[in-house]
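Engineer: Letter by letter, the sequence shown follows residues 2 to 220 of my numbering.
Quick reminder that beta carbons are idealized off the backbone N, C-alpha and C, glycines included.
Below you'll find the structure I mean.
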Amino acid sequence: MAESSRDAVLARIRQSLAQPAPLPPRPDFTAPVHPPLSNRDAVVAFAESFQRVGGEFYYCESLAHLAEQVASYQQRQQVGAPYVWEPQLQALLQTAGIAFRADETGFIEQADLSLTSCEALVARTGSVLISAATASGRRLSIYPDQHLVLARPSQVVAEIREALRVIQARFGEKMSSMVSLTSGPSRTADIEKTLVLGAHGPRRLALFLLEEDAENLPL
2 MAESSRDAVL ARIRQSLAQP APLPPRPDFT APVHPPLSNR DAVVAFAESF
52 QRVGGEFYYC ESLAHLAEQV ASYQQRQQVG APYVWEPQLQ ALLQTAGIAF
102 RADETGFIEQ ADLSLTSCEA LVARTGSVLI SAATASGRRL SIYPDQHLVL
152 ARPSQVVAEI REALRVIQAR FGEKMSSMVS LTSGPSRTAD IEKTLVLGAH
202 GPRRLALFLL EEDAENLPL
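Next up, the structure:
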(Lines of atoms letter the chains of each structure in order from A and count residues from 1; the text may use other names and numbers.)
(Lines give C-alpha, C1' and ligand atoms only; values in the text may rest on other atoms or scores of the structure.)
Protein backbone atom coordinates (compact mmCIF):
# COMPACT_ATOMS: atom_id res chain seq x y z
CA MET A 1 0.00 0.00 0.00
CA ALA A 2 2.83 2.38 0.94
CA GLU A 3 4.64 1.65 -2.33
CA SER A 4 1.53 2.31 -4.44
CA SER A 5 0.90 5.60 -2.65
CA ARG A 6 4.51 6.62 -3.27
CA ASP A 7 4.19 5.76 -6.93
CA ALA A 8 1.00 7.78 -7.22
CA VAL A 9 2.64 10.86 -5.69
CA LEU A 10 5.68 10.56 -7.97
CA ALA A 11 3.42 10.12 -10.96
CA ARG A 12 1.60 13.36 -10.16
CA ILE A 13 4.92 15.18 -9.75
CA ARG A 14 6.19 13.89 -13.11
CA GLN A 15 2.92 14.93 -14.74
CA SER A 16 3.17 18.44 -13.29
CA LEU A 17 6.80 18.82 -14.40
CA ALA A 18 5.87 17.76 -17.89
CA GLN A 19 3.29 20.58 -18.06
CA PRO A 20 4.80 23.52 -16.16
CA ALA A 21 2.51 26.34 -15.08
CA PRO A 22 2.42 29.37 -17.38
CA LEU A 23 4.61 32.31 -16.42
CA PRO A 24 2.86 35.27 -14.80
CA PRO A 25 2.21 38.27 -17.05
CA ARG A 26 5.12 40.67 -17.36
CA PRO A 27 4.44 43.83 -15.34
CA ASP A 28 4.09 47.13 -17.17
CA PHE A 29 6.79 49.26 -15.54
CA THR A 30 5.63 52.33 -17.47
CA ALA A 31 2.15 52.25 -15.93
CA PRO A 32 1.45 54.66 -13.04
CA VAL A 33 1.84 53.15 -9.58
CA HIS A 34 -0.96 55.16 -8.00
CA PRO A 35 -4.55 55.74 -9.12
CA PRO A 36 -5.52 59.26 -10.25
CA LEU A 37 -5.73 61.95 -7.58
CA SER A 38 -9.02 62.34 -5.75
CA ASN A 39 -9.53 65.66 -7.55
CA ARG A 40 -8.24 66.85 -10.91
CA ASP A 41 -7.29 70.13 -9.23
CA ALA A 42 -4.02 69.35 -7.43
CA VAL A 43 -4.57 72.16 -4.91
CA VAL A 44 -7.97 70.76 -3.91
CA ALA A 45 -6.51 67.24 -3.78
CA PHE A 46 -3.73 68.49 -1.48
CA ALA A 47 -6.19 70.23 0.83
CA GLU A 48 -8.22 67.02 1.11
CA SER A 49 -5.16 64.84 1.77
CA PHE A 50 -3.64 67.36 4.20
CA GLN A 51 -6.77 67.45 6.33
CA ARG A 52 -7.11 63.67 6.14
CA VAL A 53 -3.71 63.24 7.87
CA GLY A 54 -4.64 65.69 10.62
CA GLY A 55 -3.46 69.03 9.24
CA GLU A 56 -5.50 72.23 9.41
CA PHE A 57 -5.92 73.98 6.04
CA TYR A 58 -6.67 77.69 5.57
CA TYR A 59 -7.12 79.34 2.19
CA CYS A 60 -6.16 83.03 2.07
CA GLU A 61 -7.11 85.15 -0.92
CA SER A 62 -5.23 88.27 0.25
CA LEU A 63 -2.84 89.51 2.92
CA ALA A 64 -5.77 90.99 4.83
CA HIS A 65 -7.48 87.59 4.74
CA LEU A 66 -4.25 85.95 5.89
CA ALA A 67 -4.08 88.34 8.85
CA GLU A 68 -7.67 87.46 9.78
CA GLN A 69 -7.02 83.72 9.53
CA VAL A 70 -3.84 83.85 11.61
CA ALA A 71 -5.47 86.05 14.27
CA SER A 72 -8.44 83.67 14.44
CA TYR A 73 -6.11 80.69 14.82
CA GLN A 74 -4.15 82.39 17.61
CA GLN A 75 -7.35 83.24 19.44
CA ARG A 76 -8.72 79.70 19.22
CA GLN A 77 -5.47 78.10 20.32
CA GLN A 78 -4.63 80.77 22.91
CA VAL A 79 -1.10 81.29 21.58
CA GLY A 80 1.04 84.38 21.13
CA ALA A 81 2.93 85.71 18.14
CA PRO A 82 4.81 83.06 16.13
CA TYR A 83 8.56 82.86 15.88
CA VAL A 84 9.52 83.80 12.31
CA TRP A 85 13.18 83.85 11.25
CA GLU A 86 12.99 84.01 7.44
CA PRO A 87 13.52 87.60 6.17
CA GLN A 88 11.07 87.28 3.26
CA LEU A 89 8.37 85.93 5.55
CA GLN A 90 9.04 88.70 8.02
CA ALA A 91 8.60 91.31 5.28
CA LEU A 92 5.36 89.72 4.12
CA LEU A 93 3.91 89.48 7.63
CA GLN A 94 4.95 93.06 8.36
CA THR A 95 3.07 94.21 5.25
CA ALA A 96 0.04 92.20 6.38
CA GLY A 97 0.20 93.67 9.88
CA ILE A 98 0.82 90.31 11.56
CA ALA A 99 2.95 90.45 14.72
CA PHE A 100 5.82 87.97 15.01
CA ARG A 101 8.95 87.25 17.03
CA ALA A 102 12.00 87.88 14.88
CA ASP A 103 14.76 86.82 17.27
CA GLU A 104 15.43 83.88 19.60
CA THR A 105 14.60 85.66 22.85
CA GLY A 106 12.85 83.18 25.16
CA PHE A 107 12.64 80.59 22.40
CA ILE A 108 13.32 77.54 24.59
CA GLU A 109 10.75 78.55 27.23
CA GLN A 110 8.11 80.22 25.01
CA ALA A 111 8.22 78.42 21.66
CA ASP A 112 4.54 77.56 21.48
CA LEU A 113 4.13 78.70 17.87
CA SER A 114 6.32 79.00 14.76
CA LEU A 115 5.74 80.00 11.15
CA THR A 116 7.93 78.87 8.25
CA SER A 117 7.91 78.53 4.49
CA CYS A 118 8.24 75.20 2.68
CA GLU A 119 9.76 73.77 -0.50
CA ALA A 120 6.69 71.99 -1.91
CA LEU A 121 3.29 70.52 -1.07
CA VAL A 122 2.48 66.95 -2.14
CA ALA A 123 -1.14 66.42 -3.20
CA ARG A 124 -0.98 62.60 -3.09
CA THR A 125 -0.02 62.34 0.59
CA GLY A 126 -0.90 65.77 1.98
CA SER A 127 2.75 66.20 2.92
CA VAL A 128 4.74 69.40 3.38
CA LEU A 129 8.32 69.26 2.11
CA ILE A 130 10.60 71.30 4.37
CA SER A 131 14.35 71.85 4.22
CA ALA A 132 16.79 73.30 6.71
CA ALA A 133 18.29 75.62 4.07
CA THR A 134 16.10 78.58 5.10
CA ALA A 135 16.74 80.89 8.04
CA SER A 136 14.22 78.80 9.99
CA GLY A 137 16.81 76.02 10.09
CA ARG A 138 15.71 72.79 11.73
CA ARG A 139 14.31 74.12 14.97
CA LEU A 140 11.24 76.07 13.87
CA SER A 141 9.61 73.08 12.18
CA ILE A 142 10.40 70.63 15.00
CA TYR A 143 10.69 72.25 18.43
CA PRO A 144 7.56 74.48 18.90
CA ASP A 145 4.31 72.94 20.09
CA GLN A 146 2.44 74.25 17.03
CA HIS A 147 3.81 74.78 13.52
CA LEU A 148 2.30 77.11 10.91
CA VAL A 149 3.34 76.91 7.25
CA LEU A 150 2.81 79.65 4.67
CA ALA A 151 2.77 78.51 1.02
CA ARG A 152 1.49 79.38 -2.46
CA PRO A 153 -0.70 77.29 -4.80
CA SER A 154 2.20 77.09 -7.30
CA GLN A 155 4.12 74.99 -4.76
CA VAL A 156 1.61 72.11 -5.00
CA VAL A 157 2.83 69.06 -6.92
CA ALA A 158 1.03 65.77 -7.49
CA GLU A 159 3.59 63.21 -6.29
CA ILE A 160 6.57 62.91 -3.96
CA ARG A 161 8.95 62.38 -6.89
CA GLU A 162 8.00 65.81 -8.26
CA ALA A 163 8.65 67.40 -4.86
CA LEU A 164 12.08 65.79 -4.77
CA ARG A 165 12.79 67.21 -8.23
CA VAL A 166 11.97 70.66 -6.83
CA ILE A 167 14.60 70.13 -4.14
CA GLN A 168 17.11 68.80 -6.66
CA ALA A 169 16.56 71.75 -9.00
CA ARG A 170 17.05 74.22 -6.16
CA PHE A 171 20.09 72.76 -4.46
CA GLY A 172 21.78 70.61 -7.07
CA GLU A 173 24.79 68.91 -5.53
CA LYS A 174 24.73 71.24 -2.50
CA MET A 175 21.79 69.53 -0.84
CA SER A 176 20.32 70.92 2.37
CA SER A 177 21.53 69.24 5.58
CA MET A 178 17.95 68.20 6.33
CA VAL A 179 14.92 67.57 4.12
CA SER A 180 11.72 66.21 5.66
CA LEU A 181 8.27 65.24 4.44
CA THR A 182 5.83 66.25 7.16
CA SER A 183 2.46 64.50 6.94
CA GLY A 184 0.24 65.95 9.64
CA PRO A 185 1.13 66.63 13.28
CA SER A 186 3.73 64.52 15.06
CA ARG A 187 2.13 61.37 16.47
CA THR A 188 2.94 57.90 17.73
CA ALA A 189 1.11 54.86 19.07
CA ASP A 190 4.17 52.84 20.07
CA ILE A 191 3.13 52.52 23.72
CA GLU A 192 0.08 50.25 24.16
CA LYS A 193 -1.24 51.46 20.78
CA THR A 194 -2.44 54.70 22.39
CA LEU A 195 -2.22 57.63 19.96
CA VAL A 196 -0.15 60.49 21.35
CA LEU A 197 0.23 63.80 19.49
CA GLY A 198 3.38 65.89 19.71
CA ALA A 199 5.64 63.00 20.62
CA HIS A 200 8.53 63.89 18.30
CA GLY A 201 7.56 67.31 17.00
CA PRO A 202 4.69 69.82 16.83
CA ARG A 203 1.37 68.69 18.24
CA ARG A 204 -0.53 70.77 15.68
CA LEU A 205 0.24 71.57 12.03
CA ALA A 206 -1.61 74.27 10.09
CA LEU A 207 -1.07 75.47 6.53
CA PHE A 208 -2.06 78.87 5.18
CA LEU A 209 -2.26 78.85 1.39
CA LEU A 210 -1.88 82.42 0.11
CA GLU A 211 -3.03 83.22 -3.42
CA GLU A 212 -0.29 83.97 -5.95
CA ASP A 213 -1.41 87.51 -6.71
CA ALA A 214 -1.83 88.53 -3.07
CA GLU A 215 0.42 91.63 -3.11
CA ASN A 216 2.78 89.61 -5.33
CA LEU A 217 5.30 89.28 -2.51
CA PRO A 218 7.67 86.25 -2.53
CA LEU A 219 7.73 83.73 0.30
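Indicate whether alanine 152 and cysteine 119 have their beta-carbon atoms separated by less than 8 angstroms.
Structural biologist: yes
Engineer: Report all residues from its chain with a CB closer than 7 angstroms to the CB of asparagine 40; omit the five preceding and five following residues, and keep chain order.
Structural biologist: Result list for asparagine 40: Ala46 and Glu49, in chain order.
Engineer: How is the alpha helix (DSSP H) around histidine 66 delimited, first residue to last?
Structural biologist: Element bounds for histidine 66: 64-78.
Engineer: Kindly indicate the opening and closing residues of the beta strand (DSSP E) around glycine 131.
Structural biologist: Looking at the sequence shown, residue 131 is not glycine but isoleucine. From DSSP, the beta strand (DSSP E) with isoleucine 131 extends over 128-132.
Engineer: Is there a Cβ of chain C sitting closer than 8 angstroms to that of glutamine 79, yes or no?
Structural biologist: Of the chains in the structure shown, none is chain C; there is only one protein chain.
Engineer: Rounding to the nearest angstrom, what Cα-Cα distance links valine 167 and leucine 211 in this structure?
Structural biologist: 19 angstroms
Engineer: In or out: glutamate 213 buried (at least 16 other Cβ within 10 Å) or exposed?
Structural biologist: Using a 10 angstroms sphere on the CB of glutamate 213, the tally of other CB atoms stays under 16, which defines it as exposed.
Engineer: Check whether the segment 13-25 and the segment 109-126 are in contact - that is, three or more C-beta pairs closer than 8 angstroms.
Structural biologist: no
Engineer: If you draw a straight line from the C-alpha of leucine 64 to the C-alpha of isoleucine 99, how long is it?
Structural biologist: 9 angstroms
Engineer: Counting pairs of beta carbons, one from the segment 175-183 and one from the segment 127-138, are three or more of them closer than 8 angstroms?
Structural biologist: They touch, by the three-pair rule.
Engineer: So, with DSSP's three-state summary, where would you put phenylalanine 209?
Structural biologist: strand
Engineer: For glutamate 26, which residues of its own chain have a beta-carbon under 7 angstroms away from its beta-carbon, when the five flanking residues on both sides are left out?
Structural biologist: Position check: residue 26 holds proline in this sequence, whereas glutamate was assumed. Answer for proline 26: no residue qualifies.
Engineer: Can you look up glutamine 147 in the DSSP assignment and give me helix, strand or coil?
Structural biologist: strand
Engineer: Tell me, to the nearest whole angstrom, how far the beta carbon of glycine 202 is from that of isoleucine 143; I am working on the premise that it is less than 8 angstroms.
Structural biologist: Here glycine 202 really is in contact with isoleucine 143; their C-beta atoms are around 5 angstroms apart, less than 8 angstroms.
Engineer: Any heavy atom of the ligand NAD closer than 7 angstroms to the Cβ of alanine 164?
Structural biologist: With respect to the ligand NAD, the structure offers nothing, as it holds no ligand at all.
Engineer: Taking buried to mean at least 16 other C-beta atoms within 10 Å of its own C-beta, is histidine 35 buried or exposed?
Structural biologist: exposed
Engineer: Determine the direct distance from the alpha carbon of aspartate 29 to that of arginine 140, and round the result to whole angstroms.
Structural biologist: 43 angstroms
Engineer: Per DSSP, what are the beta-bridge partners of cysteine 61 in this structure?
Structural biologist: Answer by DSSP bridge pairing, in chain order: Leu211.
Engineer: Going by other Cβ atoms of all chains shown within 10 Å of its Cβ, with 16 needed for buried, is glutamate 87 buried or exposed?
Structural biologist: Around the beta carbon of glutamate 87, 16 or more other beta carbons sit within 10 angstroms, so the residue counts as buried.
Engineer: For valine 44 and serine 155, what's the separation of their Cα atoms in angstroms?
Structural biologist: 9 angstroms
Engineer: Pull up the DSSP beta-bridge partners for valine 157, would you.
Structural biologist: Leu122
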